[in-house]
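Structure first, commentary second.
2 protein chains.
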Amino acid sequence: MRKVAIVGVGSTEFGELWDKSFRSIFLSAGLSALEDVGIGGKEIEAIYVGNMSGGKFIDQEHIAALIADHSGLAEFGIPAVRVENADASGGSAFRQAYMAVASGIHDIVIAAGIEKVTDANDPMEVLSTAIDQEWERFIGADLPAIYAIIARLHMHRFGTKEEDMAMVAVKNHRNAVHNPRAQFRKEISVEDVMGSPYVAEPLKVLDCAPLSDGASAVILASEEVAKKLCDDPVYIDACTQASDYFSIQNRRDILTFDAVVRASRKAYKIAGIEPKDVDVAEIHDSFTITEILAYEDLGFAKKGEGANLIREGETEIGGKIPVNTSGGLKACGHAVGATGIRQIVDLVLQLRCEAGKRQVNAEKALALNIGGSGATAVVTILSR
Amino acid sequence: MRKVAIVGVGSTEFGELWDKSFRSIFLSAGLSALEDVGIGGKEIEAIYVGNMSGGKFIDQEHIAALIADHSGLAEFGIPAVRVENADASGGSAFRQAYMAVASGIHDIVIAAGIEKVTDANDPMEVLSTAIDQEWERFIGADLPAIYAIIARLHMHRFGTKEEDMAMVAVKNHRNAVHNPRAQFRKEISVEDVMGSPYVAEPLKVLDCAPLSDGASAVILASEEVAKKLCDDPVYIDACTQASDYFSIQNRRDILTFDAVVRASRKAYKIAGIEPKDVDVAEIHDSFTITEILAYEDLGFAKKGEGANLIREGETEIGGKIPVNTSGGLKACGHAVGATGIRQIVDLVLQLRCEAGKRQVNAEKALALNIGGSGATAVVTILSR
Chain C
222 MRKVAIVGVG STEFGELWDK SFRSIFLSAG LSALEDVGIG GKEIEAIYVG NMSGGKFIDQ
282 EHIAALIADH SGLAEFGIPA VRVENADASG GSAFRQAYMA VASGIHDIVI AAGIEKVTDA
342 NDPMEVLSTA IDQEWERFIG ADLPAIYAII ARLHMHRFGT KEEDMAMVAV KNHRNAVHNP
402 RAQFRKEISV EDVMGSPYVA EPLKVLDCAP LSDGASAVIL ASEEVAKKLC DDPVYIDACT
462 QASDYFSIQN RRDILTFDAV VRASRKAYKI AGIEPKDVDV AEIHDSFTIT EILAYEDLGF
522 AKKGEGANLI REGETEIGGK IPVNTSGGLK ACGHAVGATG IRQIVDLVLQ LRCEAGKRQV
582 NAEKALALNI GGSGATAVVT ILSR
Chain G
222 MRKVAIVGVG STEFGELWDK SFRSIFLSAG LSALEDVGIG GKEIEAIYVG NMSGGKFIDQ
282 EHIAALIADH SGLAEFGIPA VRVENADASG GSAFRQAYMA VASGIHDIVI AAGIEKVTDA
342 NDPMEVLSTA IDQEWERFIG ADLPAIYAII ARLHMHRFGT KEEDMAMVAV KNHRNAVHNP
402 RAQFRKEISV EDVMGSPYVA EPLKVLDCAP LSDGASAVIL ASEEVAKKLC DDPVYIDACT
462 QASDYFSIQN RRDILTFDAV VRASRKAYKI AGIEPKDVDV AEIHDSFTIT EILAYEDLGF
522 AKKGEGANLI REGETEIGGK IPVNTSGGLK ACGHAVGATG IRQIVDLVLQ LRCEAGKRQV
582 NAEKALALNI GGSGATAVVT ILSR
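Going line by line, the protein sequences match chains C and G.
The first sequence maps to residues 222 to 605 in the working numbering.
The second sequence maps to residues 222 to 605 in the working numbering.
Here it is as C-alpha cells:
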C-alpha cells in the first residue's frame, strides 16, 4: 500500500443554490480543485462521485459518467464510478478513490461529492430513504425522529440537557461566520436554539442541520506524483469504513454507534495515533446530539460524558480539540453526498494553514462521515 | 497487484418475482454464493453492491448497509459499499471488489448485484434515468428510442436488416431454454420477432430485453485464499472500465461505443489475449442491436460486419464464439444492477463445466456490461 496525498481541493458554497444547476455546481467544485493544484484535468485517471440520491432529487442516475462528460473528460474515457451510502456517500467515495491510488492501480484521481436537493418536492422525505423503509419509515419514523429517540435516551441515561445540545449549534454557527462557503454565516445563542420550535422532541429546528445544495472535490495522488505537483501535500494516514445494524432497534446499545467505534479504532491503529493526538476534527453533526455522541464513540470523551466537552469549551476553536471549524453540517450546510468530501476540503485547508480566521494549530486531523442513523461510518485521518 | 479468483457464485432466478421481496432475493443470492464455496459468511471482509435505483424502484437508498445487516453480517461491521453506474452497476461493483482484493486491502469479499423493479409504477421510466435528462429525456427520448436511432443508422449505413437483429433474440431465447434461472425459457422464431409490435421503430417488443427482478452474487478471493477454499477457482485476468460522452449526439460516431472499445482493448492487453482468443462471452444485449454493435466494438467483427456473426451462426452454442449462452439480458432477463454480476456467474459456470446443456468448451471468457446508452462499459476477462 502506497502513501496517498491530497494535492488539490475545491468546493462550492453550500446553501439553497436556486440559480445554479446540478451540472454547474459539480463543474465549479471540480474546476476549483484542478486550479488549486494547477493541472488541466487530462492527468486525472479516474473519477469517484459520492451522491446519495440523484434519482430521487433530480431524476438522474448514472451521474458519474454524466460528470465525467460535462467536466470535459469524456474524450479520455476514464472510469467514472458513483458510490452511494446515504449521507456517507462522500466519505465512501473518497475511500474508494484512496484505495485506487494506495493500491497502485491509479496515480491521480478525483473524488467528488454532490447533491442538488432544492429541486425536489420533499428533500427530507428523500433523506429518510437512508433509514429502514420497512422497520422504521413504515411506522412513521424519519431521521429527526430516530435521532430524537437517541437524544431523549442520552438525556435520560446521562443527564445531557437540551442546553448542552444547543451549545453544539451555537459553536458551529460561530465557526461558520468566517467560512466563506458556509450556508449560515450568522451567530446564534443558546436562547435562539431553545426558543426554536420542536421538530421531534427534544430536537428543535436549530438542532437540525439543513439540507443543502453543494459540491466538493479533492484530488488524490500517489506520494511520488504529489511531490511533483505541489509543495504542501496533505497525507492520508488512514481511511476506514464500518457498518452496523441498519435500524436502531437491533443494536446492542442505541447510544453507541458501533460503526463509528469500529472505523475510528481501526483508523487510529493504522495511523498509529490515539484519540488525544487528533488536533482538529470535522464531525458529522446532522443533529446536535450526533456530534455529542460522536465525541464519545470517537474516544474524545467517555460514554455518557460527551456533553462535558461542549460545556467546557474543549471543542471550540482554541479548545483542546476544535470540532467543526467549518461550521459543520449545522451551519456550513449539509449537501448530503457532498458532505464527506467537504469535510476533507476543510481539514486540508486547516493543515495547510489556509483556514483564515478559523485557523487552528493542527498536525493531525480527523473526519467522521455518517450514513443515515449510523449504519455506515467513514473515518479519515490526515496529516501534514 | 495480486491475482484474484472467484471462489463462489450464486443467483436467484430472474423474472417478475411478485412473491419475493428485495430483502429475500439478495439473501437468496448471497447464501447461494456462500454455500457454493462452503463458508458461513463471517470470513467476508467487505461487501460491494451493484444497484441502479433502490431510491426510485423501492424508495430505499443506503442499501449496502441494509444488505450487510440482513445478511447477518452486521455484528462484524464490515464495510459495505453501493456502486451505481446505471445498468453497468453490477459490473462496476464487481470491479471495485476486484480492486479491493487485487490491491491486498482485502483477502475475501462479496460482490452482489440486485434490482427489484416490479414494485415500481413505471420501471422503464426509472431505467431512462440512465440517459441524459436534460438533452435526451427532456425531448421525449427514452432508452428504446436512443437504441432505435442506433439501429436505424446501422441498417442505413451497413445494410443490417431487422431480420438480423431478430436472429439475436432467437439465439438468446434458444439458449435460455436450458438455463433454470432464465425469465423466458421458451424458443421464439424470426417470424415471432418480426410480427411483434414496434416499441420504437425498427425495434420491436421481442428486440428488447425485459426489466426483471433478480439478484446475483460472487465471492472473490486472493489466489492464496482461493486455493485453500476450493479446487477450481476461476481467475480474473482483467477487469476494466471506461466512459464515453453521456448523450449520443456528442459522440464521434453514433455507431461506435468508445467506452466498449477502450475498456475491451485495455482488458485484452492486461490479459495478454486478442479478441479471437475469447471462447465464450456474456454481452449486454439490452436490445438486439446492442449485441451486434458489441460484436464490432469488442473486435469480434469489423465495424459494420457484426450482423455477419449472427447470420453465420458464429455466436451460437457450437459456433466460433458462443455469446449469451445464459440467454442474455433478452431471455435470461435484465435485473438492471444485477446483470453485470449475473454475467460473471454464468461465465464461471461455463469455465467450471457446470453449465449443463448450455456447456461450451471454454478457457477464456469475457463479460461486457454496459450502462445506459453506452456512457459506461465494464469488461471482465476470466480464465480457468
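Every residue gets a Cβ at the ideal spot worked out from N, C-alpha and C, and that includes glycine.
Across the set I246/C, V569/C, V230/C and G229/C, the C-alpha of I246/C shows the shortest separation from the C-alpha of E237/C. Ranked by Cα distance from Q404/G, the first of E422/G, S433/G and T477/G is S433/G. Not a single CB atom of chain C sits nearer than 9 Å to the CB of K524/G.
In the structure shown, S242/C adopts coil according to DSSP, grouped into three states.
K337/G does not reach chain C, its nearest Cβ partner there being about 12 Å away, counting only Cβ pairs nearer than 9 Å. When 7 Å is used as the limit between beta carbons, N342/G is near no residue of chain C, the shortest such separation being about 14 Å. Contact check between the stretch 564-577 of chain C and the stretch 421-428 of chain C: fewer than three CB pairs, one atom from each, fall below 8 Å, which does not count as touching. Straight across, the Cα-Cα distance linking A586/G with F315/C is about 32 Å. For S249/G, no CB of chain C lies under 9 Å from its own CB, so it is not counted at the interface with that chain. Going by DSSP, L550/G is part of no beta strand (DSSP E) but of the alpha helix (DSSP H) stretching over G549 to A552. Using a Cβ distance threshold of 9 Å, V302/C and A323/C do not count as a contacting pair. Between G520/C and G311/C, the beta carbon gap of about 23 Å keeps them out of contact (Cβ cut-off 8 Å).
Within the model, the alpha-carbon separation for A387/C versus V499/C is close to 24 Å. Q462/G: member of the beta strand (DSSP E) spanning V455 to S464, first to last residue. For K585/G, the uninterrupted beta strand (DSSP E) run begins and ends at K585 to G592, by DSSP. Scanning its chain for C-beta atoms nearer than 8 Å, with the 5 sequence neighbours on each side dropped, one finds around L603/G the residues I227, V455, Y456, I457, D458, I565, L568, V569, L572, K585, A586, L587 and A588, in chain order. For I469/G, no Cβ of chain C is located within less than 9 Å of the residue's own Cβ. When Cβ pairs closer than 8 Å are counted between the two stretches, the stretch 395-414 of chain G is seen to touch the stretch 543-563 of chain G, the count reaching three or more.
Out of G539/G, K407/G and M273/G, the CA that lies nearest to the CA of E346/G is found in M273/G.
No Cβ-Cβ contact shorter than 9 Å links G435/G with R244/G. When DSSP assignments are scanned along the stretch 428-516 of chain G, the uninterrupted stretches of beta strand (DSSP E) that are 3 or more residues long and fall wholly within it turn out to be 435-443, 455-464 and 501-504. For T546/G, the secondary structure class from DSSP, reduced to helix, strand or coil, is coil. The contact set of K277/G on chain C, defined by CB atoms closer than 7 Å, consists of G276 and K277 in chain order. Counting C-beta atoms within 10 angstroms of its own C-beta, P365/G has 16 or more neighbours from the protein chains shown and is therefore classed as buried. N529/C and F467/C have their alpha carbons spaced roughly 29 Å apart.
Residue burial annotation: Q470/G is exposed, with fewer than 16 other C-beta atoms found within 10 angstroms of its C-beta. In the structure shown, R406/G falls within a coil segment according to DSSP collapsed to helix, strand and coil.
As for any alpha helix (DSSP H) of minimum length 4 sitting wholly inside the stretch 285-343 of chain G, the runs are 310-323, ordered along the chain. Annotation: D479/G to K523/C spans about 55 Å, alpha carbon to alpha carbon. In this structure, DSSP gives K224/C a state outside helix and strand, which the three-state scheme calls coil. Residue contact with chain C for A436/G: absent (no Cβ-Cβ distance below 9 Å to any residue of chain C). In this model, R472/G and D465/G are separated by some 8 Å (Cα to Cα). Put simply, of A332/C, E445/C and H377/C the residue whose alpha carbon is nearest the alpha carbon of R223/C is E445/C.
With distances taken between CA atoms, A318/G lies nearest to P300/G out of P300/G, D308/G and E234/G.
For A421/G, DSSP records a beta bridge to L424/G. The Cβ atoms of V389/C and I591/C lie no closer than 9 Å to each other.
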